[in-house]
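>
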Amino acid sequence: MDAIKCINTRRSIRKYKDEKIPAKIIKDFIIAGSNAPSSLNDQPWIFITITKKKTMENLTNLKVQLSKFVATAPLIIACCYDETKSRAKHHNLENVALAAENILLTAHASGLGACYVTAFDPGFPEIEESIIKELALPVNIKAVCLISIGYPDQKPGNKKMRKLSEIWKREKYDA
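Those letters in the sequence shown? Residues 15 to 189, by our numbering.
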């Protein structure tokens with residue numbers, strides 16, 4: 015699949031077949047994530063692959079966790095950053111988000127479905143605390159997102175997109 019088609023057809027998938035993902039494909043996801051751009055080329059990311067159902071259930075068992083579907087995927091990748099690996103600490107979130115997008119696109123190009131779920135919510139700090147505890151994250155490792163990945167067991171609907179005229183400005187912002 016060419017890059018433009020991959021980008022324009024990727025959709026979030028929240029229902030997966032009960033089918034294991036081969037280790038070679040999982041490695042492809044990690045390599046794709048690690049090839050993302052990062053500020054000052056710091057590459058602060060850490061990727062934790064999760065395939066054990068008990069761990070997945072523990073990550074999503076909070077009452078406030080609205081993304082319980084994550085536990086039904088055969089694979090979760092926790093995308094994190096290591097504060098000690100970054101000189102431009104204020105760019106850590108965007109660096110990891112770029113890496114996560116590479117993983118999402120690689121999943122789609124490989125015929126798999128995936129969904130990005132934020133790992134922190136200021137309104138529900140217990141979500142982040144539960145991820146830290148379950149993944150045994152040391153204090154310098156911060157989770158940015160969880161990506162659920164699997165063979166799709168649903169067809170995504172059409173995504174409503176904003177009009178280009180609403181989002182595309184030329185030379186300067188003109189209302």
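C-beta: ideal position from N, C-alpha, C; glycine also.
(1) Counting C-beta neighbours from all protein chains within 10 Å, is the total for Val153 16 or more, i.e. buried, or is it exposed?
(2) Return the chain-ordered list of same chain residues with a C-beta closer than 7 Å to the C-beta of Thr132, the five sequence neighbours on each side being excluded.
(3) Tell me whether the beta-carbon of Ala102 lies closer than 7 Å to the beta-carbon of Leu54.
(4) When you compare the CB positions of Cys129 and Ser26, do they come within less than 7 Å of one another, or not?
(5) Using a Cβ-Cβ cut-off of 8 Å (strictly less than) and excluding sequence neighbours within five positions of Glu97, which residues of its own chain qualify?
(6) So Leu89 is in the beta strand (DSSP E); what residue range does that whole segment cover?
(7) CA-CA distance, Ile163 and Met70?
(8) Need the endpoints of the beta strand (DSSP E) that Ile155 sits in, please.
(9) Given this structure, state the Cα-to-Cα distance separating Asp167 from Tyr30, to the nearest angstrom.
(10) Could you give the distance in angstroms between the alpha-carbon of Lys34 and the alpha-carbon of Pro88?
(11) Report buried or exposed for Leu149, applying the criterion of at least 16 other Cβ atoms within 10 angstroms of its Cβ.
(12) Among all the DSSP beta bridges, which residues are the ones paired with Ser26?
(13) Starting from Thr7, trace the alpha helix (DSSP H) in both directions and tell me its first and last residue.
(14) Beta-carbon within less than 6 Å of Ser81's beta-carbon, same chain only, minus the 5 sequence neighbours each way: which residues are those?
(15) In angstroms with no decimal places, state the Cα-to-Cα distance between Leu118 and Lys186.
Per the coordinate set shown:
(1) exposed
(2) Cys159
(3) yes
(4) yes
(5) Pro58, Lys103, Asn106, Asn154, Ile155 and Lys156
(6) Leu89 to Asp96
(7) 12 Å
(8) Ile155 to Gly164
(9) 5 Å
(10) 6 Å
(11) buried
(12) Ala128
(13) Because residue 7 is not part of the residues shown, which for the chain are 15 to 189, the question remains open.
(14) Val131
(15) 32 Å
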